[in-house]
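Peer 1: The structure follows.
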Amino acid sequence: PDLGSAQQVVSVTEAGVTKHIQGQVIAYPGFSGADTLVVVEDDGTHHRFPLTAVSRISQPDWAEAFTPTWVADNATATPAVLSQDRCLHYVSGIGGHVRERVRVQVEAQCGMDVASFPLDKQMLTLRARADAPLARVQFVPLEASAGCTQAVPSEWSLYEPGGDLAAELVVPRPTGEEMHATFGVVINVARRPWHYLWNMCLVFFFLALSSGLAFRAPLHHVSHRAGVSVVALLGTVGYKGAIQGLLPRRPYMTLLDKYVACAILLQ
Numbered sequence: 001p002d003l004g005s006a007q008q009v010v011s012v013t014e015a016g017v018t019k020h021i022q023g024q025v026i027a028y029p030g031f032s033g034a035d036t037l038v039v040v041e042d043d044g045t046h047h048r049f050p051l052t053a054v055s056r057i058s059q060p061d062w063a064e065a066f067t068p069t070w071v072a073d074n075a076t077a078t079p080a081v082l083s084q085d086r087c088l089h090y091v092s093g094i095g096g097h098v099r100e101r102v103r104v105q106v107e108a109q110c111g112m113d114v115a116s117f118p119l120d121k122q123m124l125t126l127r128a129r130a131d132a133p134l135a136r137v138q139f140v141p142l143e144a145s146a147g148c149t150q151a152v153p154s155e156w157s158l159y160e161p162g163g164d165l166a167a168e169l170v171v172p173r174p175t176g177e178e179m180h181a182t183f184g185v186v187i188n189v190a191r192r193p194w195h196y197l198w199n200m201c202l203v204f205f206f207l208a209l210s211s212g213l214a215f216r217a218p219l220h221h222v223s224h225r226a227g228v229s230v231v232a233l234l235g236t237v238g239y240k241g242a243i244q245g246l247l248p249r250r251p252y253m254t255l256l257d258k259y260v261a262c263a264i265l266l267q
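Counting from 1, one number per residue, gives the positions in the sequence shown under this note's numbering.
Structure below.
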């Protein structure tokens, strides 16, 4: 960030007396083995103190010195900031290093392939990028894992594909070709199919099985056989229409659609 005009208050204790000096911090403790601290006041006065004498250094005015912004490519709403803290690591005459840790809540939309519905597995992704150039903002991973089972809706469960993490934070290493830093969140989830198996697949199975009752009627009772088959077929079609709103609408057939089509053909 541009911290050339950032003002800080340095508390220094010398000879048992504590004094407070406001100005720009040029050398910061803990960076490159620095053992002294230099403070420059507005009038150009330089103060040099050993690190052992410095008791406190206030943080600069972040709203003026450091206001990084980032956007999520597939977010449906503005991210809500839940918590935020910043720490100044180093300041020089040309800039400084600030580490910012932010916890946000983001609503995003992802494309889903439901060809195997209700036995499908999905990889949900969130990709974000910084608005500022790469030289000013970079993302640093704090932990490789992200998310928890309590945050997953009851219809889904986390799974680990091929030994990979179920939820993972991905921060690619910046390269010269990328002008902005990026990071991504990958969450692998599998649908819990039992609701659809018990309430849909099992019903269609028995409806298709009931059409076999037509063979219980004598061969010469054609009307009785046709009546049983028509009733079973109408029941299947009617139940399919009743649950249509609970199924995903896609331009292709899902596994459940194929199952229902087979049940109708068998009747």
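Beta carbons are placed, not taken as given, at the ideal position from N, Cα and C, and that holds for glycine.
1. Roughly how many whole angstroms lie between the Cα atoms of residue 265 and residue 210?
2. Can you tell me which of 126, 37, 49, 217 puts its alpha carbon nearest to the alpha carbon of residue 168?
3. Just checking, does the region 97-114 make contact with the region 34-51 on the three C-beta pairs under 8 angstroms criterion?
4. Buried or exposed: which applies to residue 199, given that a residue is buried once 16 or more other Cβ atoms fall within 10 Å of its Cβ?
5. In whole angstroms, what separates the C-alpha of residue 196 from that of residue 77?
6. Given this structure, state the Cα-to-Cα distance separating residue 241 from residue 113, to the nearest angstrom.
7. Does the Cβ-Cβ distance between residue 166 and residue 120 come in under 9 angstroms?
8. Quick check: residue 171 and residue 139, are their CB atoms within less than 9 angstroms of each other?
9. Leaving out the 5 sequence neighbours to the left and right, which residues in its chain are closer than 7 angstroms to residue 213 when beta-carbon positions are compared?
10. Give me the Cα-Cα distance between residue 129 and residue 230, rounded to the nearest whole angstrom.
11. Under the rule that 16 or more other beta-carbon atoms within 10 Å means buried, what is residue 36, buried or exposed?
12. My assumption, with CB atoms under 8 angstroms, is that residue 104 sits in contact with residue 135. Please give the rounded CB distance.
13. In three-state terms, what does DSSP make of residue 49?
14. Give the DSSP bridge partners of residue 37, in chain order.
15. Could you check the C-alpha separation between residue 156 and residue 13 for me, to the nearest Å?
16. Whose C-beta lies closer than 7 angstroms to the C-beta of residue 267 among residues of the same chain, with five residues either side of it excluded?
17. What does DSSP give as the partner residue(s) for residue 85 in the beta ladder?
18. Tell me, to the nearest whole angstrom, how far the beta carbon of residue 131 is from that of residue 38; I am working on the premise that it is less than 8 angstroms.
19. How is residue 149 classed by DSSP in three states: helix, strand or coil?
20. From the DSSP secondary-structure annotation, give me the bridge partner or partners of residue 244.
21. Please list, in chain order, all residues of the same chain as residue 32 whose beta carbon is under 7 angstroms from its beta carbon, the five residues on each side excluded.
22. Please say whether residue 117 and residue 255 have beta carbons closer to each other than 9 angstroms?
23. Give me the Cα-Cα distance between residue 40 and residue 109, rounded to the nearest whole angstrom.
24. So, with DSSP's three-state summary, where would you put residue 124?
25. Please identify the residue among 16, 58, 253, 122 whose C-alpha is closest to the C-alpha of residue 23.
Peer 2: By the coordinates alone:
1. 13 angstroms
2. Selected option, being the one with the closest Cα: 126.
3. Look at the beta carbons and you see the region 97-114 not touching the region 34-51: under three pairs across the two are nearer than 8 angstroms.
4. exposed
5. 31 angstroms
6. Computed Cα separation, rounded: 23 angstroms.
7. Not in contact: residue 166 and residue 120 (Cβ atoms no closer than 9 angstroms).
8. yes
9. 228
10. 59 angstroms
11. exposed
12. So it is not a contact: roughly 24 angstroms between Cβ atoms.
13. strand
14. Its beta-bridge partners are 49.
15. Their Cα atoms are separated by approximately 59 angstroms.
16. 208, 211, 229, 232, 233, 236
17. 101
18. Going by Cβ atoms, the distance from residue 131 to residue 38 rounds to 32 angstroms, so no, they are not a contact pair.
19. Any reading at residue 149 must be qualified, since the residue scores a pLDDT of 48, below 50, and its modelled position is unreliable; no value is offered.
20. Paired residues: none, contrary to the question.
21. Its pLDDT being 48, under 50, residue 32 is placed unreliably by the model, and the measurement read from it follows with that caveat. Result list for residue 32: empty, nothing under 7 angstroms.
22. Cβ distance < 9 angstroms, so residue 255 and residue 117 count as in contact.
23. Looking at the two C-alpha atoms, the distance is approximately 50 angstroms.
24. The answer is strand: DSSP assigns residue 124 an E or B state.
25. 58
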